[in-house]
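Engineer: Sharing a structure with you now.
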Amino acid sequence: MSTILIIEQVLNGLQFGVMLFLMAAGLTLIFGVMGLINLAHGSLYMIGAFAAAAVAGLTGSFLLALFAAMAAAAMAGVLIETVVIRRLYATDHLDQVLATFALILIFSEGTRWVFGSFPLFLDIPDAVSGPVSLPGGIQYPLYRLVLIAVGLAVGLGLALLINRTRNGVQIRAGENDREMIAALGVDISRLYTLVFALGAALAGLAGALVGAIQSVQVGMGEPVLILAFVVIVIGGIGSIKGAFVGALLVGLTDTLGGIFLPELFKLFTDAATATSAGSALASMAIYILMGAVLIWRPTGLYGARA
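Read in order, the letters of the sequence shown correspond to residues 196 to 501 in the working numbering.
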C-alpha cells in the first residue's frame with residue numbers, strides 16, 4: 196500500500212469528518228440545550244441539499260445555492276420548532292422520537308412530491324473543480340480540500356459564538372439550568388428557536404456541500420443522522436469540542452478502516468474472503484469505537500461528568 200494512497204485516505208477521512216461535524220454540532224446543541232431527541236435533523240440536511248440543487252439549477256451560482264440551503268433549512272427548523280417541537284419539551288423522549296420520526300415521513304414524502312423521485316445533481320463550481328498538486332506529488336480534488344477548510348472555519352466560528360457572545364453565554368447557561376436563566380429574564384422560547392434554527396442551518400449547509408459530490412435524493416439524510424448520533428455519543432452530549440473530535444474520529448475510522456482492514460485480513464486468508472470479512476468489520480468499526488469510548492468514559496470524551 197503506497198504512502199500516497201494512505202495520505203489521500205486520511206484527507207478523505209478528514210473531509211468526511213468535518214461534514215459530520217456540521218451535522219453533529221447542530222444536533223448536540225439541540226439535545227444539550229433543549230434535551231430533545233430530534234430524529235428529523237437528517238431531513239433538514241436533505242432540505243438543504245434539495246434547496247441548493249434547485250437554486251443552483253435556476254441561477255447557476257453555487258454561492259447562492261449555499262445561502263439558499265442554509266436559509267431553507269433554518270426556516271424549516273423554525274417551523275418545526277414553533278409548530279411541533281415546542282409542544283414536546285415537557286414530554287418524555289419516547290413522544291419526541293415518535294413525533295420527529297413522523298416529521299421524517301412528512302418531509303420525505305413532501306420532498307418527493309415537490310421534486311420527484313429521481314435524484315438531482317449539484318455541479319462543483321469551476322473555480323474549485325479539478326485536482327490540486329500537494330507535496331509529494333499527490334493529486335487531490337480541490338473541492339474536497341475546500342470542504343475541509345469550510346468545516347474548520349465553521350467550527351471556529353461556532354466556538355467563538357458559543358464562548359465569546361451574549362447568545363453563546365445564554366446557550367451555555369441553558370444547557371446547565373434552563374429554569375434559572377428563564378427566571379433571570381431570558382426569553383427561553385426565543386433561545387430555543389435560535390438554537391434550533393442554527394442547528395438546522397448547519398445541517399442544510401452540510402447537505403448542500405456534500406450534494407456536489409453525491410446525488411441529491413430523498414432519504415439521503417437518515418444514514419448521516421445515524422453517524423451524527425454516534426459522533427455526539429463519542430464526543431459527549433452538549434459539547435461542541437466533543438462533536439468536532441468525535442466527528443474526526445468517526446470520519447477517519449470509517450475511511451481508513453475500509454482500506455486497512457481488508458489488507459490486514461489478507462495476511463490470514465484468501466483475497467475474496469479477506470475483502471468480505473474486512474469490509475464487514477470496517478462497517479462495524481465506528482460502533483466498536485463508540486463502545487470502547489463509552490466503556491472508558493460513559494458520558495463521552497468531553498461530556499459532563501455525573
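Don't be surprised by glycine CBs; every beta carbon is placed ideally from N, CA and C.
No experiment lies behind these values; they were computed from the predicted model shown.
1) Kindly list the residues whose CB is nearer than 8 Å to the CB of G414, restricted to its own chain and excluding five residues on each side of it in sequence; keep chain order.
2) What's the call for A501, buried or exposed, on a 16-neighbour Cβ count within 10 Å?
3) Mind checking whether M229 and V390 have CB atoms under 8 Å apart?
4) Would Q210 be called buried (16 or more neighbouring beta carbons within 10 Å of its own) or exposed?
5) CB G402 to CB G208, shorter than 8 Å?
6) Specify the secondary structure class of S328 as computed by DSSP and reduced to three states.
7) Could you check what DSSP says for Y240 in three-state terms: helix, strand or coil?
8) Can you list, in chain order, the residues of its chain with a C-beta nearer than 7 Å to that of S328? Leave out the 5 residues immediately preceding and following it.
9) For V419 and M218, which I take to be in contact (beta-carbon distance under 8 Å), what is that distance rounded to the nearest angstrom?
10) For the segment 246-264 against the segment 280-295, are there 3 or more C-beta pairs whose distance is under 8 Å?
11) Using DSSP's beta-bridge definition, name the partner residues of I333.
12) Put V411 into one of helix, strand or coil per three-state DSSP.
13) Look up T315 in the DSSP assignment and say whether it is helix, strand or coil.
14) Contact between the segment 197-208 and the segment 444-455 is defined here as three or more beta-carbon pairs at a separation below 8 Å; is this criterion met?
15) According to DSSP, is A501 part of a helix, a strand, or is it coil?
16) Going by beta carbon distance, what residues of the same chain come within less than 8 Å of L259, once the five residues before and after it are set aside?
17) Assign P336 to buried or exposed, taking buried as 16 or more other Cβ atoms, counted over all protein chains shown, within 10 Å of its Cβ.
18) According to DSSP, is V279 part of a helix, a strand, or is it coil?
19) Report yes if the C-beta distance between I481 and V428 is below 8 Å; otherwise report no.
20) Which complete alpha helix (DSSP H) runs does the segment 371-443 hold, if anything under 4 residues is left out?
21) Nearest by alpha-carbon distance to G498: which of T198, T223 and E203 is it?
22) Taking 7 Å as the limit between beta carbons, can you name the residues of its chain near A271, skipping five residues before and five after?
23) Rounded to a whole number of angstroms, what is the C-alpha to C-alpha distance between V273 and G441?
24) Suppose you measure from the CA of F439 to the CA of A466; what does that come to, to the nearest Å?
25) Using alpha carbons as the reference points, say which of I199, V279 and G255 lies closest to A235.
26) What's the call for L353, buried or exposed, on a 16-neighbour Cβ count within 10 Å?
27) Judging by CA-CA distance, which residue of G495, F455 and F463 is the nearest neighbour of S478?
28) Can you look up R359 in the DSSP assignment and give me helix, strand or coil?
29) Can you name the start and end residues of the alpha helix (DSSP H) that R307 belongs to?
30) Please state whether the Cβ-Cβ distance between D318 and A246 is less than 8 Å.
31) Would you tell me roughly how many angstroms separate the C-alpha atoms of G325 and A378, rounded to the nearest one?
32) Please look up how many angstroms separate the CB atoms of L443 and G212, rounded, as I've assumed it's under 8 Å.
Structural biologist: On the basis of the supplied data:
1) Sequence-distant Cβ neighbours of G414 in its own chain, meaning closer than 8 Å and more than five residues away, are M241 and S303.
2) At A501 the pLDDT is 49, less than 50, meaning the model places this residue with poor confidence; the figure from the coordinates comes in the next sentence. That one is exposed.
3) It is a contact, given that the beta carbons lie within the stated cut-off.
4) By the neighbour-count rule (16 or more Cβ atoms within 10 Å), Q210 is buried.
5) In this structure, G402 keeps its C-beta atom at 8 Å or more from the C-beta atom of G208.
6) S328: strand per DSSP, three-state reduction.
7) Collapsing the DSSP output to three states places Y240 in a helix.
8) Same-chain partners within the cutoff: Q334.
9) Yes, V419 and M218 are in contact; Cβ-Cβ is about 6 Å, under 8 Å.
10) These segments do not touch.
11) In DSSP, I333 forms a bridge with L329.
12) Three-state result, V411: strand.
13) Residue 315 is actually Leu in this sequence, not Thr. DSSP places L315 in strand when its eight states are reduced to three.
14) Yes: at least three Cβ pairs fall under 8 Å.
15) In this predicted model, A501 has a pLDDT of only 49, less than 50, meaning its place in the structure is not dependable enough to derive any value.
16) Closer than 8 Å at the Cβ level, and outside the excluded window around L259, lie V250 and A251.
17) The residue in question, P336, is buried, as its Cβ has 16 or more Cβ neighbours within 10 Å.
18) In the three-state reduction of the DSSP assignment, V279 falls in the coil class, being assigned neither a helical nor a strand state.
19) Pairing I481 with V428 gives a Cβ-Cβ distance that is not under 8 Å.
20) If we require 4 residues or more, the alpha helix (DSSP H) runs fully inside the segment 371-443 come out as 373-378, 383-406 and 416-430.
21) Of T198, T223 and E203, the residue nearest in Cα terms is T223.
22) If we look at A271 and ignore the five residues flanking it on each side, its Cβ neighbours are L239, I242 and A395.
23) Near 27 Å, if we compare the C-alpha coordinates of G441 and V273.
24) Going from the Cα of F439 to the Cα of A466 covers about 36 Å.
25) When each option's Cα is compared against that of A235, the closest is V279.
26) Looking at its Cβ environment, which holds 16 or more other Cβ atoms inside 10 Å, L353 is buried.
27) Taking only the C-alpha atoms, the option nearest S478 is F455.
28) Reduced to three states, the DSSP call for R359 is helix.
29) Start and end: H288 to F310.
30) Not in contact: D318 and A246 (Cβ atoms no closer than 8 Å).
31) Their backbone Cα atoms lie some 55 Å apart in a straight line.
32) So it is a contact: roughly 4 Å between Cβ atoms.
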